[in-house]
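The sequence shown begins at 12 in my numbering and counts up by one.
All residues carry an ideal CB built from backbone N, CA and C; glycine is no exception.
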Amino acid sequence: MPQHQLTPEDIYTFAKSEFPEYQRAITLSTRLAEDLKLLGDDASEFIERFSEQFNVDLSGFVFSDHFPAEGSAEMLAYLSRVAAPSKHTLIRFMRRFDCALWQLFANKISFKPVTLEHLYLSAKSGSWAYEQSTQLSTRQAK
């Protein structure tokens with residue numbers, strides 16, 4: 012598909028085919044890690060498939076800026092932090108403790124979120140367009 016004809020629907024269709032079990036609406040603000048729970052090797056493979064599908068040069072994409080590595084302390088701390096909330100006080104306490112424990116060993120505990128808007132703008136430009144998308148979102152929020 013020529014990049015100038017690309018629409019957000021093309022990105023939604025791709026994401027829905029990759030995550031058929033995701034029940035919420037997929038929008039440009041859908042985040043890969045936080046909403047779709049995409050981390051580690053799964054995130055890497057998804058980004059590769061996206062790059063192939065939409066012919067995007069990812070030479071400017073630094074995986075470790077956006078996602079924790081598979082099985083790392085960063086990934087375990089992140090998973091403990093974003094786990095589905097529980098009604099049980101003991102389980103909530105255990106998750107907080109688990110997250111704090113893994114953060115002791117993690118070199119990095121925060122990552123730049125990747126949204127479908129980042130993917131859409133990257134697909135339109137043919138190269139990784141994180142900063143362009145972030146600047147656009149910031150201007151629209153004002």
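Asked: Inter-stretch contact (C-beta, 8 Å, three-pair minimum) for the region 45 to 56 and the region 66 to 84; Found: yes
Asked: Cβ shell of E32 (< 7 Å), same chain only, five flanking positions each side left out; Found: none
Asked: Unbroken alpha helix (DSSP H) run spanning E59, endpoints; Found: 51 to 65
Asked: Identified DSSP bridge partners for T126; Found: R42
Asked: Residue from F74, S138, F61 with nearest C-alpha to T24; Found: F61
Asked: Buried or exposed by the 16-neighbour rule on C-beta atoms within 10 Å, applied to A134; Found: buried
Asked: Local conformation of S121 per DSSP, three classes; Found: coil
Asked: For S136, the residue or residues it bridges with in DSSP; Found: DSSP output for S136 lists no bridge partner at all.
Asked: Identity of the residue in V67, R35, E29 nearest F57 by Cα; Found: E29
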